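**Q** Basically my numbering = 1-based index in the sequence shown + 1.
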Amino acid sequence: MQNLNKPLLDDLAKELWTEEVLPRAKDAVVFLDNPMAEALHWHGGAPRLFEAGALAVREFCFFERGSASEPKALFLVSSPVAERTLSTLSSVVRASVFTSCCVITSCPPAAQRLARYGSAEGPGGPQAFLDAEEQLLDWMGNPNLTAEVMYVPLSVVNITSKFFVMPQFCHVFPPLQEHFNTNQGPLLEFGALPREMQIDLKGAESRVSLVLVDRTLDMAGPLTSSCESLLDRLVRVLPTWPGHNLDVCVDMRCLCSSPSVEEDVPSAAAVYPGCLAHEDSRLAMHHLVSTKHKECLMELNRLLVDVALKQGVRLDVSGRLTPELLKKRVLQLRRDGGDAALWLGLVQQVLGVTQAMLSPSYARLEELLSTEKVLVQNAAVSGDAASRSLVQLLRSRKTTGLRLEDVLVLMTLLYSLLGDRTLGGAAERRTLKAEIVAAIYQAASENELPAFLQNLASSNEKGLDENEVIQAVDQMLSTLRSLGLAKDQLKKYRAILEDGDPMQPAVY
């Protein structure tokens, strides 16, 4: 049976960090951008760099530089060494006295060529890196110094043996039909290949499958409030780490306060938050990702009891297992196990689970799921019913506790399921559009505009401009219509919503 503590890609990821990054970090000041910092966070964190001999770890930005006692620099970036990244490099290097610079990018040579020269075609893969090295030497002021630019795929973050993420691509989204002016034919045909290559492909001993993930084909999956794993709920409920996309902040104040004085509780800003990323607790992450909620709680409780026994602490295991009881056992381990419990990854993970499940946002997520189910059932009946339901949700936001962002997410989910049927007829479309415009004005007056609409408020100090608001809503509806058409080109799976009947509700 496969060892759950050893993900499939973990050997490769650790090898890359161990052989390519850590040796270059010795006696160097290390600069990282956010995606690389997140990748490092899940592979041991900054302590690995300091153990390798790094002098300092800093953010890769215009305002940082090396001191006179730091002649060596290592830059870890997730973007091609061009444009903004090159400009930031120039600012940092010119303001420092480096005699040795190494830049490691997680973008391959083809992406580097495309960013620098406007085309990924043609030979000369290393040339783009060589040009960047020459620029580094120029900024350092001496062509006899050392400069190196290289590609190392550090972007893969292994969470479990069957789940990995790539933080640098978190904002990548496929183009919609509205972005294309013409239809493009096949990019590669078997008959167009050289004959020798055709023979080699036909005679190959094994096949290779290329899986292309198009997020536009199923936006219902990431938008639904139905969370299959407990990790999904944690990410939605708890605040994320600054600059990160997956890990969350765990409030550690209950573990840092004096056990004998309840009032001695430090402020949130005074205590460094805990997190989920811990090398010593991979099995708990496996349960958070792949098991159901009740089963996950039981497994976490079992792991906590085992860890407590190793610390010489016998936990009180009586009573029905609840988030409150699980938190009580964490506090008992902290009280009887001493300061060592603070550094246990499992303690932080379990505490994060209890905080999420006891949060009001957790119950609100359940309410959103109930609203979503009702909305999907209405949408399965008719587009007019779906449009009327959305209008009613917009009008009753204050009584139901929904935010404008919640309603817009539900509308996007419906478009992914039903396409243009979502808005019903022309009259229903006009009514819904008017309600969205009114809701934007109301949200702006209460400082509750969604992030993607914040520019409407910041562009005009006197208030919202009606024309800009209407234009933004028109653009939003146009994008949603394109999203609804994304599956029209498919021969199979064009419909992912199974209409219900009196005996069975609609499901997707």
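All residues carry an ideal CB built from backbone N, CA and C; glycine is no exception.
Please read all numbers here as calculations on a predicted model, not as lab measurements.
Looking at the strands, I want to know which residues DSSP matches up with C103.
**A** Answer is L75, E149.
**Q** Which residues in the same chain as L366 place their Cβ atom closer than 8 Å to its Cβ, once the five residues preceding and following it in sequence are excluded?
**A** Correct list, in chain order: S226, C228, R234, R237, V238.
**Q** Looking only at its chain, what residues have a beta carbon closer than 8 Å to the beta carbon of D385, apart from the 5 residues adjacent to it on each side?
**A** The answer, listed in chain order, is G425, G426, E429.
**Q** Who pairs with T241 in a beta bridge, going by DSSP?
**A** Paired residue(s): V249.
**Q** Should V508 be labelled buried (16 or more other beta-carbon atoms within 10 Å of its own) or exposed?
**A** The residue is exposed, with fewer than 16 neighbouring Cβ atoms inside 10 Å.
**Q** Does the Cβ-Cβ distance between L301 and V351 come in under 7 Å?
**A** Going by C-beta atoms, L301 is nearer than 7 Å to V351.
**Q** Assign C62 to one of two classes, buried (16 or more other C-beta atoms within 10 Å of its C-beta) or exposed (fewer than that).
**A** Flag for C62 reads exposed.
**Q** Which ranges would you report for the beta strand (DSSP E) in the segment 37-75 if only whole runs of at least 3 residues count?
**A** Those beta strand (DSSP E) runs which fall completely within the segment 37-75 and span 3+ residues are 57-60.
**Q** According to DSSP, simplified to helix, strand and coil, what is P497?
**A** Note that residue 497 corresponds to Ile in the displayed sequence, not to Pro. I497 falls in the coil class under three-state DSSP.
**Q** Is the distance from the Cβ of A26 to the Cβ of P81 below 7 Å?
**A** Not closer than 7 Å, so no.
**Q** Which word fits Y494, buried or exposed, when buried means at least 16 other C-beta atoms lie within 10 angstroms of its C-beta?
**A** So Y494 ends up on the exposed side.
**Q** From the DSSP output, read off the bridge partner residues of F164.
**A** Answer is T161.
**Q** Give the straight-line distance between the Cα atoms of K492 and L218, rounded to the nearest whole angstrom.
**A** About 13 Å.
**Q** Just to confirm before moving on: does the CB-CB distance between L316 and A309 stay below 7 Å?
**A** Result yes, Cβ atoms of L316 and A309 sit closer than 7 Å.
**Q** Runs of 4 residues minimum, wholly inside the segment 349-399: which ones carry the alpha helix (DSSP H) assignment?
**A** Fully enclosed alpha helix (DSSP H) runs of 4 or longer: 361-382, 384-396.
**Q** Grab me the residues of E65's own chain with a C-beta within less than 8 Å of its C-beta, minus the 5 sequence neighbours each way, in chain order.
**A** Result list for E65: F32, R59, V93, in chain order.
**Q** Give me the residue from Q169, V153, Y442 with the minimum Cα distance to L17.
**A** Minimum Cα distance to L17 is reached at V153.
**Q** At what residues does the beta strand (DSSP E) containing F32 begin and finish?
**A** Segment 30-33, the beta strand (DSSP E) holding F32.
**Q** What would DSSP say about E20, mapped onto helix, strand or coil?
**A** Helix at E20.
**Q** Pick helix, strand or coil for G275, following the three-state DSSP scheme.
**A** If DSSP states are grouped into helix, strand and coil, G275 belongs with the strands.
**Q** Flag this pair as yes or no: are the beta carbons of V173 and F165 separated by less than 7 Å?
**A** Against a cut-off of 7 Å, the Cβ pair of F165 and V173 comes out as no contact.
**Q** Tell me whether V408 sits in a helix, a strand or coil according to DSSP, three-state version.
**A** It is helical.
**Q** What's the call for F170, buried or exposed, on a 16-neighbour Cβ count within 10 Å?
**A** Exposed is the call here.
**Q** Please tell me whether V375 and V348 are closer than 7 Å, where the distance is taken between their beta carbons.
**A** It is not a contact, given that the beta carbons lie outside the stated cut-off.
**Q** For L345 and P168, what's the separation of their Cα atoms in angstroms?
**A** Distance between the alpha carbons of L345 and P168 is about 25 Å.
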